[in-house]
Amino acid sequence: MATEKQTMGFQAEVKQLLQLMIHSLYSNKEIFLRELVSNASDAADKLRFEAINNASLFEDDPELKIRISFDKAARTITISDNGIGMNREEAISHLGTIAKSGTKEFFSRLSGDQQKDAALIGQFGVGFYSGFIIADRITVETRRAGTPASEGVRWESEGAGDFSIEQIDKPRRGTDIILHLREGEDEFLSSWQLKSIIRKYSDHISLPIQMNKEEWDEEKKETVQKDELETVNQASALWTRSKSEITPEQYEEFYKHVSHDFGAPLAYTHNRVEGRSEYTQLLYIPARAPFDLWDRNKRGGIKLYVKRVFIMDDAEQLMPVYLRFVKGVIDSADLPLNVSREILQESRDVRAIRDGSAKRVLSLLEELANSDEQAQKDKYSTFWTEFGQVLKEGVGEDAANKERIAKLLRFASTHNDSDVQNVSLADYVGRMKEGQDKIYYVTAETWQAAKNSPHLEIFRKKGVEVLLLTDRVDEWMLSFLTDFDGKELASVAKGGLDLGKLENEDEKKQHEETQAEYKDLVEKMKTALADKAKEVRVTFRLTDSPACLVADENELSGNLVRMLKAAGQAAPESKPTLEINPDHPLVQRLKYEEARFDDWSHILYDQALLAEGGALADPASFVKRLNDMLLAMAAK
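In the UniProt record's numbering, the protein residues as written are 1 to 636.
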């Protein structure tokens, strides 16, 4: 029985992706089979999981498997599975739309360079659509497990703007994907070619991947297919094998299977843990950040198995949020097969797995960061560029591992004349000046703004290194990271300047004398700026700038207040302190200014606000004061 066909249009993003993918991935055509076999494996995993509570879903076919066949005369390749299958609504949803966060950003980053775009497309993951690399038409016949044979679905498309869908009879549950090959793709109509691709990319799949055996037909003088099937892959879960039996290439291909990333992983760790909780972990660190990295609710990195039975592929309870970039598999020997998300949240075994997995990932990162081999160090630099901001979240979220995470942090600093974040806190401490007892830092929206902050002037003069913190997460992280190796982390833009032993007695005496000399000026400026500044005081942190703004130790920095407001969040209102440089000519001139004292004071304040990246509340008044001042000076 077949019902009338209905034609529907693809989601706009699907059409765009199909065109890009067909052209950009053409040089690596064979990946279509890896992607479709991976999807078939996922479909079998989902059926096995749903059947835990409903064994009737297996119908009369309990042995899960994948079959691959080809027809030279029809020029088709068929990938079949007896997994969960799809109903009509699922076929439309899964095959006609891309429901993935980060889609808009993905398309915005495409450049038109086929080689570069191929890497991005691989990072995005294309799955089913990869079939169009070699096929000019794809037919999908599918039926969801547990539904009547009459409710099968046929989906068909030529990969252009639309697809057709109709109801068919399908006695066997699962999905058949039939690829109608483009002209010139007949190389794939070969048993040897298909088997070699399977063994190369999909040998780790735990299901048997079967093909027809072949034999030589003397009469026809060619190889012909027999009705008998053979299993092409090893068909055992890769993570259950001994590490000595697994090649680096097999580890890499398994990563591509679980992550749907076309690229190789940066690093991986494979361990069997025994003790109160018994489990196996195979965890990977990707080489590139996914587009949805900043979506803290998007979790799908860890696949959970119980005694080799797939349970779920978004087990967020098994890895802390700050390690959400980790991909891989965890297979527990202790959890029940019918484990629910509620049980996962409350289980002591799950907490032990989560803690152990977090520690294992941190150990892997430490091995890269502390290695004497340059190649490993380079890998850590790559990791930090891609995932450093996310790892910083762990300082506040994982108290038990805070010290370990702190050692893995990397920052830009005044020690290097670049924005590369490659300075560890241990590096900083190792370079501290004699008499220095604090780790100094400045926060700003950009590296350029941090590097040119007036607050750094005295530190440059004394040769003291300052960390330049420009990531949005830094301000939040610093509320938890208050010290390292016994040294306090101190903002150069907060509180009064206390350089401790970095100042000699002569300097301290001179500072006291200068403060007394400018006492009257300071009081006068406090009156003039009463609506803007909480306090005015003489500073010795400046060498070139006339003034700067500082916050009290227990107040939010100006940078954090601006970030909160930009995000639409309420920020506590507090006035900053204006510090003036007594050696600057503008400040010295103020001592003798009478007529325009208030204007000069406001200009100094506004300049200090602009220098730290702030926005003026009344730009027009600033411009008018400045113009009046320039005209008055020109008239003299």
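Heads up, the beta-carbon is just placed ideally off N, CA and C, and yes, glycines get one too.
Requested in this report: Could you spell out the range, first to last residue, of the beta strand (DSSP E) harbouring Ala611?
Outcome: That residue, Ala611, is in no beta strand (DSSP E); its alpha helix (DSSP H) goes Phe597 to Ala611.
Report task. Taking only runs that begin and end inside the segment 491 to 578, name each unbroken alpha helix (DSSP H) of 4 or more residues, in chain order. Result -> Taken in chain order, the complete alpha helix (DSSP H) segments of 4 residues or longer contained in the segment 491 to 578 are 505 to 517, 519 to 528 and 558 to 566.
Query raised in the report: Should the segment 407 to 419 be regarded as contacting the segment 382 to 394, the criterion being three or more beta carbon pairs within less than 8 angstroms?
Result: yes
Query raised in the report: In angstroms, rounded to a whole number, what distance separates the CA positions of Gln250 and Leu456?
Result: Rounded to whole angstroms, Gln250 to Leu456 spans 51 angstroms at the Cα level.
Query raised in the report: What residue does the beta strand (DSSP E) around Leu365 start on, and which one ends it?
Result: Annotation: Leu365 is outside any beta strand (DSSP E); the continuous alpha helix (DSSP H) that includes it extends over Arg348 to Ala369.
Query raised in the report: Where does the unbroken beta strand (DSSP E) through Thr385 begin, and where does it stop?
Result: According to the DSSP assignment, Thr385 belongs to no beta strand (DSSP E) but to the alpha helix (DSSP H) extending over Gln374 to Glu397.
Report task. Ignoring anything shorter than 3 residues or poking outside the segment 442 to 488, list the beta strand (DSSP E) runs there in chain order. Result -> 467 to 469
Query - Pairwise C-alpha distance: Glu35 and Asp292 - result: 21 angstroms
**Report entry** Straight-line Cα distance separating Val309 from Leu64
**Finding:** A direct Cα-Cα distance of roughly 12 angstroms separates Leu64 from Val309.
Query raised in the report: Could you give the distance in angstroms between the alpha-carbon of Arg324 and the alpha-carbon of Leu189?
Result: 41 angstroms
Requested in this report: Using alpha carbons as the reference points, say which of Ala315, Glu245, Lys534 and Ala369 lies closest to Val350.
Outcome: Ala315
Query raised in the report: Between the C-alpha atoms of Gln167 and Asn28, what's the straight-line distance to the nearest angstrom?
Result: Their backbone Cα atoms lie some 34 angstroms apart in a straight line.
Query raised in the report: At a cut of 8 angstroms, does the segment 524 to 542 reach the segment 470 to 477 through at least three beta carbon pairs?
Result: no
Requested in this report: Check Ser41 in the structure and name its three-state DSSP category.
Outcome: helix
Query raised in the report: Quick one: any contact between the segment 144 to 155 and the segment 46 to 57, if contact means 3 or more CB pairs under 8 angstroms?
Result: At 8 angstroms Cβ cutoff, the stretches touch.
Requested in this report: Tell me whether the beta-carbon of Glu507 lies closer than 9 angstroms to the beta-carbon of Phe540.
Outcome: yes
Query raised in the report: With 16 other CB atoms within 10 Å as the buried threshold, where does Glu141 fall?
Result: buried
Query raised in the report: Is it true that the CB of Thr139 sits closer than 9 angstroms to the CB of Gly83?
Result: no
Query raised in the report: Thinking just about the alpha-carbon of each residue, which of Glu245, Ser80 and Ser196 is nearest to the one in Asn233?
Result: If we check each option's Cα against that of Asn233, Ser196 comes out closest.
Query raised in the report: Which of the three DSSP states, helix, strand or coil, is assigned to Glu90?
Result: helix
Query - Environment of Pro265 [buried if 16+ CB atoms lie within 10 Å] - result: Counting Cβ neighbours within 10 Å, Pro265 comes out buried, since at least 16 surround it.
Report task. Would you grab the beta carbon distance between Thr269 and Arg172 for me? Rounded to a whole angstrom, and I think it's under 8 angstroms. Result -> Going by Cβ atoms, the distance from Thr269 to Arg172 rounds to 40 angstroms, so no, they are not a contact pair.
Report task. Please report how far the alpha carbon of Leu335 lies from the alpha carbon of Pro62, in whole angstroms. Result -> 23 angstroms
Query raised in the report: How is the alpha helix (DSSP H) around Ile198 delimited, first residue to last?
Result: Ser191 to Tyr201
Query raised in the report: Start and end of the alpha helix (DSSP H) containing Leu335?
Result: Careful: Leu335 lies outside any alpha helix (DSSP H) and carries neither H nor E.
Report task. Work out the CA separation of Tyr322 and Ile133 for me, nearest whole Å. Result -> 36 angstroms
Report task. Run the proximity test for Glu535: is its beta-carbon closer than 8 angstroms to any non-hydrogen atom belonging to the ligand HEM? Result -> The ligand content of the structure shown is nil, which means the ligand HEM is not present either.
Query raised in the report: Just the Cα atoms here: how many angstroms apart are Gly614 and Asn559?
Result: 8 angstroms
Query raised in the report: In or out: Leu283 buried (at least 16 other Cβ within 10 Å) or exposed?
Result: buried
Query raised in the report: To the nearest whole angstrom, what separates the beta carbons of Gln281 and Ile330, a pair I think is in contact under 8 angstroms?
Result: 5 angstroms
Requested in this report: Express the C-alpha separation of Leu95 and Ala235 in angstroms, rounding to a whole number.
Outcome: 27 angstroms
Query - Expected contact under 8 angstroms - CB spacing of Val395 and Phe480 to nearest Å - result: The distance from the Cβ of Val395 to that of Phe480 is about 5 angstroms, consistent with a contact at the 8 angstroms cut-off.
Requested in this report: Use the C-beta contact count for Asp372: other C-beta atoms within 10 angstroms, 16 or more gives buried, fewer gives exposed.
Outcome: exposed
Requested in this report: Tell me whether His257 sits in a helix, a strand or coil according to DSSP, three-state version.
Outcome: helix
Requested in this report: Could you tell me the distance, in whole angstroms, from the CA atom of Asp378 to the CA atom of Ala369?
Outcome: Cα to Cα, Asp378 sits roughly 9 angstroms from Ala369.
Report task. Using the DSSP secondary-structure output, state which residues sit across from residue 645 in a beta bridge. Result -> The shown model of the chain, from 1 to 636, leaves out residue 645, and the question about it has no answer.
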